[in-house]
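Enquirer: Structure incoming, see below.
Residue numbers (the working numbering): 1333 to 1484.
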């Protein structure tokens, strides 16, 4: 045999033996190391953070010129009428804070799912308006709505 052929066979034999030894060690010792320690939970981080709740100020809403009937009346938002309010309520958006936290694309998907009769609705500023209402910033909301046409 030539020198190269002899070295090749020894190399191949070493490779196969190394692979076999690795496979045996993983098979026998791998089962022993599968148990992991339970994760340490930081008590401070695990405590739920209560959202800041701002009480509804009906008097301030009326003083700003809103004909609001109850807290979280989404029809106060320019562009939301009774039918769209019903759609939002059915999809779980029940408060100004929830509407403020909802992405415009999600609101648009709700409107698209409802059919072509809601195609004219433009929810671009609805989260912004809802955020102002949720924070009882009624005068600022009125100024914003005076500059809007159909919610846009």
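Cβ coordinates follow ideal geometry from the N, Cα and C atoms, glycine included.
Remember, predicted model here, so these are calculated numbers, not experimental data.
Can you tell which of 1336, 1410, 1352 has its C-alpha closest to the C-alpha of residue 1479?
Expert: Taking the first residue of the chain shown as position 1, residue 1479 is located at position 147. Closest by alpha carbon: 1410.
Enquirer: In its own chain, which residues sit with a C-beta less than 7 Å from the C-beta of residue 1422, not counting the 5 before and 5 after it?
Expert: Reading the chain shown from its first residue, position 90 is the one you call residue 1422. Correct list: empty, nothing qualifies.
Enquirer: I'd like to know whether the C-beta atoms of residue 1466 and residue 1432 end up nearer to each other than 8 Å.
Expert: In the chain shown, the residue the question calls residue 1466 occupies position 134. In the chain shown, the residue the question calls residue 1432 occupies position 100. Closer than 8 Å, so yes.
Enquirer: To the nearest angstrom, how far is it from the Cα of residue 1455 to the Cα of residue 1436?
Expert: In the chain shown, the residue the question calls residue 1455 occupies position 123. In the chain shown, the residue the question calls residue 1436 occupies position 104. Roughly 6 Å between the two C-alpha positions.
Enquirer: So residue 1474 and residue 1413 are in contact, right, with Cβ under 8 Å, and what is the actual spacing, rounded?
Expert: Within the chain shown, residue 1474 is the residue found at index 142, counting from 1. Within the chain shown, residue 1413 is the residue found at index 81, counting from 1. With a Cβ gap of about 18 Å, residue 1474 and residue 1413 do not count as contacting.
Enquirer: Apart from the five residues just before and just after residue 1336, which ones in its own chain have a Cβ nearer than 7 Å to its Cβ?
Expert: As a first step, residue 1336 must be located in the chain shown, where it is residue number 4. Counting only residues of its own chain and dropping the five nearest sequence neighbours on each side, residue 1336 has no CB closer than 7 Å to any other CB.
Enquirer: If I follow the unbroken alpha helix (DSSP H) through residue 1485, where does it start and stop?
Expert: For residue 1485 there is no data in the structure shown, the boundaries of the chain being 1333 and 1484.
Enquirer: Which value, in whole angstroms, describes the spacing of the CA atoms of residue 1469 and residue 1477?
Expert: Position 137 of the chain shown, counting from 1, holds the residue named residue 1469. Position 145 of the chain shown, counting from 1, holds the residue named residue 1477. Answer to the nearest angstrom: the Cα atoms are 12 Å apart.
Enquirer: Among residues of its own chain, excluding the 5 on either side of residue 1434, which ones have a beta-carbon nearer than 7 Å to its beta-carbon?
Expert: Walking along the chain shown from the start, residue 1434 turns up at place 102. These residues qualify, in order along the chain: 1425, 1459.
Enquirer: Which two residues bound the contiguous alpha helix (DSSP H) that contains residue 1450?
Expert: Against the chain shown, residue 1450 aligns to sequence position 118. Counting along the chain, residue 1450 falls outside any alpha helix (DSSP H), and DSSP gives it neither H nor E.
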